[in-house]
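**Q** Following this message is one structure expressed as structure tokens.
Number of protein chains: 2
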Amino acid sequence: MSRVRVHNFTVSLDGFGTGEGQRLEEPFGHAGSRLLQWAFPTCTFMDMGLHGEGTGSTGIDETFAGRWATGIGAEIMGRNKFAPTRGPLTDDWRGWWGENPPFHTPVVVLTHHPRPPLELEGGTTFHFVDATPVEALELARELAGGLDIRIGGGATTVREFLQADLIDELHIVVAPILLGRGERLWDGLEGMEDRFVIESITSPSGVIHLTFSRRGD
Amino acid sequence: MSRVRVHNFTVSLDGFGTGEGQRLEEPFGHAGSRLLQWAFPTCTFMDMGLHGEGTGSTGIDETFAGRWATGIGAEIMGRNKFAPTRGPLTDDWRGWWGENPPFHTPVVVLTHHPRPPLELEGGTTFHFVDATPVEALELARELAGGLDIRIGGGATTVREFLQADLIDELHIVVAPILLGRGERLWDGLEGMEDRFVIESITSPSGVIHLTFSRRGD
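Order-wise, the sequence lines are chains E and D. Take the first sequence: its letter number 193 is residue 193 in the working numbering, and every next letter is one higher. Take the second sequence: its letter number 65 is residue 1065 in the working numbering, and every next letter is one higher.
Here you go:
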């Protein structure tokens, strides 16, 4: 069976995956770009073309960041990661990601306002569904052609998949900042360490990389 | 001026410094002994005689744990760290710590039910005061003879001193467990990274040691 994976999901020391006040100009709300500061200089994030041009780093942070795409056949994301608005999507709104999104696979977008799929350049097609985590995962598996599924975020989506015990591999990055408010990743996950082997390593950039691997695999 | 320090204060990945349901038999509530599992084998904790006899470890965990007593002239602790009960203390109740507590300095206990000081063996005297963090720190400085002050916990006490910006050095340990409920350390501390240089290192025991050093020192 294909595996369900989370990569590069970053939280503050106090456990927030995004700040308060998310909007078009500030996708992470008052957190600004601080949560992903560690990632922007990496080869992997540079290659996405979202944060300027240049030669990316190839150190510890890149070693983790670079795993995100390998073997992935589809992503599942929350509505907030697709678009900062609420309610039905207008026909002309194509999300954050521009004409050539960095996913290059089918992407299942969880929303209470389904609409027809949106096919963009580079192999990314967004599928908008009102579905439980289990249902979304079934659809993603159909679309993924036997490859793995990435749960792309935000915090609520990752948390719901963890609570439903649907995730096999989880890479969390802890950034040394305190956001104080926003969306918490860790709520309602008491005892999760019983299901996962948890390892950690620090990076010279100041973040901590945590890997959670399902026990018994 | 003497410095205000926190050592060996341990939180779960989801930020709880103690579990729910603290009582005499379970000082950390449903967390049991899991938060301090990293500390028990160290020389420093072995020497306190609280967790059995034996030769303690002298590795990375001990390197951090061992800093707790050096240069300390007084501790400030919350009522919960002294005793698990609520309301006035009865005359025969002498706290968790036995006849020869491991502090060997004056200890200021924050409580809404002051009582006369309690002098025990080995140089530990408990002073029970109903005081703000600033007032408690003034008293502790008078008692400390020019040495540093340790803020001993629990989570609420450390958090209140951080919120009042009274702490110079903070050593926090993150244990790879998810408690789900209990007392949070990090609430209301947005932007604390502006005041501290934060460093981290992982230990083979599985915990992460974080040091917070006041900027500009």
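Yeah, the Cβ is synthetic: ideal placement off N, Cα and C, and Gly gets one too.
Quick one: what does DSSP say I1060/D is sitting in, helix, strand or coil?
**A** Helix at I1060/D.
**Q** Return no unless some Cβ of chain D is closer than 8 Å to the Cβ of L178/E.
**A** yes
**Q** Establish whether the CB of W1038/D and some CB of chain E are separated by less than 8 Å.
**A** Not flagged as an interface residue toward chain E: W1038/D, since no C-beta distance is shorter than 8 Å.
**Q** For T85/E, which beta-bridge partners are listed by DSSP?
**A** Beta-bridge pairing links T85/E to no other residue.
**Q** In the DSSP output, what is D1148/D paired with across the bridge?
**A** I1072/D
**Q** Can you tell me which residues form a DSSP beta bridge with S1012/D?
**A** A1175/D
**Q** If you pair each beta-carbon of the segment 1132-1144 of chain D with each one of the segment 1051-1071 of chain D, do three or more pairs fall below 8 Å?
**A** no
**Q** Do you know how far the Cα of V197/E is from the Cα of T1042/D?
**A** 23 Å
**Q** Expressed to the nearest angstrom, what Euclidean distance is found between the alpha-carbon atoms of T1211/D and F40/E?
**A** Straight-line Cα distance between these residues: approximately 25 Å.
**Q** Taking its Cβ as the centre, do 16 or more other Cβ atoms sit within 10 Å of P204/E, making it buried, or is it exposed?
**A** exposed
**Q** If you follow the alpha helix (DSSP H) that F161/E is in, where does it begin and where does it stop?
**A** 155-163
**Q** Using the Cα positions of R34/E and V108/E, report the straight-line distance between them to the nearest angstrom.
**A** 27 Å
**Q** Return the CA-CA distance between T1018/D and R1184/D, expressed in angstroms with no decimal places.
**A** Looking at the two C-alpha atoms, the distance is approximately 8 Å.
**Q** Identify the contact partners of G188/E in chain D, using a Cβ-Cβ distance below 8 Å as the criterion.
**A** G1180
**Q** DSSP three-state label for L143/E, please.
**A** DSSP places L143/E within a helical segment (H, G or I) once states are collapsed to three.
**Q** Would you decide whether R1079/D is buried or exposed? Buried here means 16 or more other CB atoms lie within 10 Å of its CB.
**A** buried
**Q** Taking E1020/D and R1181/D to be in contact with their CB atoms under 8 Å, please state how far apart those CB atoms are, rounded to whole angstroms.
**A** 5 Å
**Q** Is the CB of M46/E under 8 Å away from at least one CB in chain D?
**A** no
**Q** Counting only beta-carbon separations shorter than 8 Å, does D130/E have a partner in chain D?
**A** no
**Q** Tell me, please, which residues DSSP counts as bridged to S1033/D.
**A** Beta-bridge pairing links S1033/D to no other residue.
**Q** Could you say which of M192/E, G216/E, D165/E lies nearest to L1179/D if we only look at CA atoms?
**A** It is M192/E whose Cα lies nearest to the Cα of L1179/D.
**Q** Between S200/E and chain D, is there a C-beta pair that is closer than 8 Å?
**A** yes
**Q** Candidates I1208/D, G1216/D, R1214/D: which alpha carbon is nearest G1015/D's?
**A** I1208/D
**Q** To the nearest angstrom, how far is the alpha carbon of G1071/D from that of V1004/D?
**A** 11 Å
**Q** Where Q22/E and P1106/D are concerned, what is the direct C-alpha to C-alpha distance, given to the nearest angstrom?
**A** 49 Å
**Q** Please state whether DSSP places M192/E in a helix, a strand or coil.
**A** helix
**Q** Quick one: is H1171/D buried, meaning 16 or more other Cβ sit within 10 Å of its Cβ, or exposed?
**A** H1171/D counts as buried, since no fewer than 16 other beta carbons sit within 10 angstroms of its beta carbon.
**Q** From G87/E to A31/E, what distance separates their C-alpha atoms?
**A** 24 Å
**Q** Please report the straight-line C-alpha distance between A1175/D and G206/E, rounded to a whole angstrom.
**A** 18 Å
**Q** Who pairs with P106/E in a beta bridge, going by DSSP?
**A** T125/E
**Q** Just curious, the alpha helix (DSSP H) that T1044/D is in, first and last residue?
**A** Note, T1044/D: alpha helix (DSSP H), 1043-1047.
**Q** Quick one: which residues of the segment 1005-1037 of chain D get their C-beta closer than 8 Å to a C-beta of chain E? List them in chain order.
**A** L1013, D1014, G1015
**Q** Pull up the DSSP beta-bridge partners for F1040/D, would you.
**A** According to DSSP, F1040/D bridges with nothing at all.
**Q** What are the boundary residues of the beta strand (DSSP E) that T211/E is part of?
**A** 208-214
**Q** With DSSP as the reference, label R1023/D as helix, strand or coil.
**A** strand
**Q** How big is the Cα-Cα spacing for H127/E and H1112/D?
**A** A straight-line Cα-Cα distance of about 58 Å links H127/E and H1112/D.
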